[in-house]
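Participant: First the structure, then my questions, so here it is.
Numbering (this note's numbering), first residue to last: 611 to 1036.
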């Protein structure tokens, strides 16, 4: 709390130090009304932006972690959001290629590793890939970098019996929900840089030989999994299958110049396993909170932060019902985003048994509305699409109109789709 005008400089120094150093996070400042009305002279204001501070890992911890990684027969790397915060993608690629280890990401870490890389096996969200299941289950060591290893419904659990190398910038993560055999506390970029040098030193080499058998296994496993889902991803059924919308969208936009985010509920399950994020921060994955409508605000914020990027959020009908009026905010603020609404007129992710009385008495799972018409009334360009053959043409029109500076909403009338790419991890 800022208790006097003269304390502004001191408090803001502390706030920005907390914001940018150690484990970055939000800072709340409270300004009482009477303090906010106080005059502040230039003599009392001596604020200078503080430098951010990062910490490298303990050299002994780095040495032990490198020994464990080199001794492992089937290691896997689990990259979290900390890799994105530290801007450590390049360093992560170097370590993965040195070890010839498969790489997965957490939901928040999606896009921390290029998903078209031969060593990438998938994002470990609540819905995931065959590659994540196969390689995480088989691994004898899991190297978590920039992740908390926290238990969550929005991520895959780490099966028991694995050796854990855990690198995080928050010591509170260590041994919190999973035993850390080789903990390292430090900034992900600095730790990966240290680790690469230590791996070279201990192995006496510049890296393991290319493991073509592993690369072939990853590729064939991905194709095997996609083949199982291709009937839905390319479905011509009416109402439209939501997986077809996601698939066609991904094959229409420029994946090197896009930022995409999902919604909570079914939209998250449709998008996360299948979307190929090629560049850092090209995908905003989120979980451990599941508020309906969050994707719309994320998209607007992303467009403000990166106006040169094509920004798209994919949401369901219930989510639009929660925040749909904020389309007017995007219009008023000149934020040309594209909002995809998957409208199946039902809360698809929950079974009737979750709230049987409410379903029977109040039909709580049903929702109605003319969402494209609402968006148009709020000043956005909008279309309603019912034919799967019109998905790609509608997306192309949306991209062109978006480039002219106009907010766009595309409403796809979809079927109730309750199949998700889920696996059991034991």
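C-beta atoms are modelled at their ideal positions from N, C-alpha and C, and glycine is treated no differently. Predicted model only: the values in this text are computed from it and were never measured.
(1) Counting only the same chain and skipping the five closest in sequence on each side, list residues whose C-beta sits under 8 Å from that of residue 665.
(2) Roughly how many angstroms lie between the CA atoms of residue 811 and residue 709, to the nearest whole one?
(3) For residue 854, I'd like the list of residues in its chain whose CB is within less than 6 Å of its CB, leaving aside the five on either flank, ordered along the chain.
(4) Looking at C-beta atoms only, is the number of pairs between the stretch 813-820 and the stretch 716-725 that lie closer than 8 Å three or more?
(5) Spatial neighbours of residue 765 within its chain, please: CB distance less than 6 Å, with the 5 preceding and 5 following residues excluded, ordered by chain position.
(6) Shortest alpha-carbon distance to residue 875 belongs to which of 863, 860, 899, 856?
(7) If I measure Cβ to Cβ from residue 920 and keep anything under 8 Å in the same chain, skipping five residues before and after, which residues do I get?
(8) Closest to residue 767 by C-alpha separation, out of 730, 707, 814, 714, would be which residue?
(9) Could you pull the start and end residues of the beta strand (DSSP E) that residue 688 belongs to?
(10) Apply the 10 Å Cβ neighbour rule to residue 914 and answer buried if 16 or more other Cβ atoms are within range, or exposed otherwise.
(11) Using the Cα positions of residue 625 and residue 650, report the straight-line distance between them to the nearest angstrom.
(12) Please look up how many angstroms separate the CB atoms of residue 951 and residue 1021, rounded, as I've assumed it's under 8 Å.
(13) Cα separation between residue 962 and residue 974?
(14) Distance check for residue 616 and residue 641, CA to CA, integer angstroms please.
(15) Between the beta-carbon of residue 1084 and the beta-carbon of residue 686, is there less than 8 Å?
(16) Look up residue 800 in the DSSP assignment and say whether it is helix, strand or coil.
(17) Where does residue 994 land, buried or exposed, given buried means 16+ other C-beta within 10 angstroms?
Facilitator: On the basis of the data shown:
(1) Same-chain partners within the cutoff: 632, 779, 795, 796, 797, 800.
(2) Distance between the alpha carbons of residue 811 and residue 709 is about 13 Å.
(3) Excluding residues within five positions, the ones whose Cβ falls inside 6 Å are 845, 998.
(4) No, the stretch 813-820 does not touch the stretch 716-725.
(5) Apart from the 5 residues on each side of it in sequence, residue 765 sits with its Cβ closer than 6 Å to the Cβ of 716, 717, 734 in its chain, given in chain order.
(6) Nearest neighbour of residue 875 by Cα position, chosen from 863, 860, 899, 856, turns out to be 899.
(7) Only 863, 864, 867, 868, 869, 948, 1009, 1012 meet the Cβ criterion.
(8) Cα-wise, what sits closest to residue 767 is 714.
(9) 685-689 is the span of the beta strand (DSSP E), which, as asked, contains residue 688.
(10) Exposed, by the Cβ-count rule.
(11) Residue 625 and residue 650 have their C-alpha atoms roughly 19 Å apart.
(12) Between residue 951 and residue 1021 the beta-carbon gap is near 5 Å, inside 8 Å, which marks them as a contact.
(13) Between the alpha carbons of residue 962 and residue 974 lies a distance of about 9 Å.
(14) Approximately 13 Å, taken between the alpha carbons.
(15) As shown, the chain starts at 611 and ends at 1036. That puts residue 1084 outside it, with no answer to give.
(16) In this structure, residue 800 counts as helix in the three-state DSSP scheme.
(17) Result: buried.
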